[in-house]
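J.: Using the working numbering, the first residue of the sequence shown is number -13, and each one after it goes up by one. Virtual Cβ for every residue (Gly too), placed ideally from N, Cα, C. On a predicted model such as this, the values are computed, not experimentally measured, just so you know. This structure is in structure tokens; I'll ask about it shortly.
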Amino acid sequence: MRLVQNPYDLMNFEYSQLRTRFDAENGALWTLVSQDSIPCVTPELLNDLDAHHKVIEKSRGNVLVGEQMHQIRYSVLASITPGVFNLGGQLALFRQLIRNQNRDALLKYATACIDVIFPRMRHFDLPLATITLLQGDALGGGLEAALASDIVIAERNCQMGFPEILFNLFPGMGAYSFIARKVSPRFAEKMILGGKIYSAEELYDEGLVDILAEEGKGVEAVNEYIRKQERRSNGFLAVQKAKHRFNPVTQQELMDITTVWVDAALKLNEKDLKVMDRFVRSQEKLFLQPQEQTIIPNAA
């Protein structure tokens, strides 16, 4: 597999929490989340992803490698953090905004999440397929981001779930919409309200994970999937269009639900926030560096 860094001039700028690679042989653009501190959905990561998605759209999926132009046929989202894909929302920020009852800033964060998830879900309006590779745990908003792709490939060692109910909240950035359509509304409620952390194998059996890979074999599984898919890529993309036409997840639906999430978050009491505090301390202990309590200015 030949990887070319910064494959197109339009994408040739630095991200703070992302790395990009292009596999010219498979036509696969790899978007790799790279965070030095707690691997969660920070405003900085959201800004990076938003900028990255916009240049993909602006390039119309064209990538220059040497003097040859290539078409992006697959967009692969993964993480380089060992054992973790993403742990979800930035809880240290949440508790600050909730304690301050800062609805505007909380809604701005939630809207930024939807603005990142929705373009991926609609393939950036390009004839490409989207893949998420999970080589580690995906929780809360991290799992929601993973589920925005057409195909989810997970290594057996991964654990996934929505722990938000433990501090009296719910995942509000697409979880119900994605799981209800891919599996069933009943299973969506079971996952969200149960707070259980599932193994990759359990979610493969339920149909939420599409391909189960052995530990350390995730990249190989992605490449093998692409090789098999090439023979039927036209049909696959047509089916995805039909699926989204039959039962579309609209941006308005996602925004309506995330607004419910914002209002629910602002109703959390001190007891709920103390549970959230324990999650923050656990993450800080695991990843050594405390989360920065990034301040998002009030929306205009």
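Return the chain-ordered list of same chain residues with a C-beta closer than 6 Å to the C-beta of L32, the five sequence neighbours on each side being excluded.
T.: A98, V102
J.: My output table needs one value for V1: the three-state DSSP class, helix, strand or coil.
T.: The sequence as given places Tyr at residue 1; Val does not occur at that position. Y1: coil per DSSP, three-state reduction.
J.: Based on the DSSP output, what are the partners of N72 in its beta bridges?
T.: A124
J.: Round the Cβ separation of V62 and I117 to the nearest angstrom and send it over; I've been treating them as touching at under 8 Å.
T.: 5 Å
J.: As a quick exercise: from N88, L93, N86, R7, pick the residue whose alpha carbon is nearest that of D242.
T.: In terms of CA proximity to D242, L93 leads the group N88, L93, N86, R7.
J.: Does the distance from the C-beta atom of V138 to that of N72 stay below 8 Å?
T.: no
J.: Between V49 and the ligand ATP, is the CB less than 7 Å from at least one heavy atom?
T.: Among the components modelled here there is no ligand, and therefore nothing to report on the ligand ATP.
J.: Is A115 closer than 8 Å to H56 when the C-beta atoms are compared?
T.: no
J.: What are the uninterrupted segments assigned as alpha helix (DSSP H) that are 4 or more residues long and contained completely in the stretch 161 to 224, given in chain order?
T.: 161 to 168, 171 to 180, 186 to 192, 204 to 215
J.: Between the alpha carbons of K229 and A250, how many angstroms are there, rounded?
T.: 31 Å
J.: Going straight from the alpha carbon of Q54 to that of N48, what length do you get?
T.: 10 Å
J.: Given I43, which residues of its chain have a CB within under 6 Å of its CB, disregarding the five upstream and five downstream residues?
T.: Correcting the residue identity first, residue 43 is Glu in this sequence and not Ile. Within the same chain, Cβ atoms closer than 6 Å to the Cβ of E43 are found at F110, the five residues on either side in sequence being excluded.
J.: Grab me the residues of D36's own chain with a C-beta within less than 8 Å of its C-beta, minus the 5 sequence neighbours each way, in chain order.
T.: A98, D101, V102
J.: Report the CB separation of Y211 from I197 in whole angstroms; it is logged as a contact under 8 Å.
T.: 6 Å
J.: Just reading off the alpha helix (DSSP H) that L254 is part of, what are its end residues?
T.: Run containing L254: none; DSSP gives neither H nor E here.
J.: Can you check the stretch 83 to 126 for any alpha helix (DSSP H) of at least 4 residues that lies completely inside it and give the ranges in chain order?
T.: 89 to 107
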